[in-house]
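Numbering (the numbering used here), first residue to last: 5 to 156.
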Amino acid sequence: MKELYFPRPFQHRHPPVHNVNEIFEEQLTVGQRAADWVANMMGSWKFIVVQSIILMLWIILNIIAWWQHWDPYPFILMNLVLSMQAAYAAPVIMMSQNRQVAKDRLEAHNDFLINQKAEEEIRVMMENLEAQNRAIAEIHQILLELHSGRSK
5 MKELYFPRPF
15 QHRHPPVHNV
25 NEIFEEQLTV
35 GQRAADWVAN
45 MMGSWKFIVV
55 QSIILMLWII
65 LNIIAWWQHW
75 DPYPFILMNL
85 VLSMQAAYAA
95 PVIMMSQNRQ
105 VAKDRLEAHN
115 DFLINQKAEE
125 EIRVMMENLE
135 AQNRAIAEIH
145 QILLELHSGR
155 SK
């Protein structure tokens, strides 16, 4: 009688999958968190609306002159303030964007590793199914031989 072949049991030979977002967030410094906060705030409608209201008040108060004109037309001080805001905002937003690019690279690499793990597990399952098919065929053959031996 033939000895039946059964495949080895599948063993995971890879580390567990980690959440890249959680790991990335844990490693952020205070400055990096501040840059992300500034980028999120400056890229919102709330910021645009609040800044527009402040600028309109600035212009109206300087035109109407309820108080003394601290920045008469053509609003040179307001232009200076806005230029300084832009000068500091641009690098901070770029820092946040660079960090997001690095995070995206980590996520892409993590996706690649997960795909490799999935491919390996699918390959092992297919080998297991093929071994089961061979075992079933062998059992079927043995049963046919036993059945034909009894019918003689």
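A virtual CB, placed ideally from N, CA and C, is assigned to each residue, including glycine.
query	result
Collapsed DSSP secondary structure at Ala69 in the structure displayed	coil
Span of the alpha helix (DSSP H), counted from its first residue to its last, around Pro95	Ile80 to Ser155
Neighbour-count burial assignment, Asp115, 16 or more Cβ in a 10 Å radius	exposed
Pick from Glu123, Leu81 and Lys107 that is closest to Ile27, judged by C-alpha positions	Lys107
For Ser56, the three-state DSSP class (helix, strand or coil)	helix
Three-state secondary structure assigned by DSSP to Gln31	coil
Inter-residue spacing [alpha-carbon to alpha-carbon] between Met99 and Glu131	48 Å
Rounded separation between Lys50 and Arg109 - CA only	30 Å
Rounded C-alpha distance that separates Arg70 from Met60	Checking the sequence shown, residue 70 turns out to be Trp, not Arg. Cα-Cα distance, rounded: 15 Å.
Distance cut-off 7 Å: Met99 Cβ against heavy atoms of the ligand PLP	You won't find the ligand PLP in this model; it holds no ligand whatsoever.
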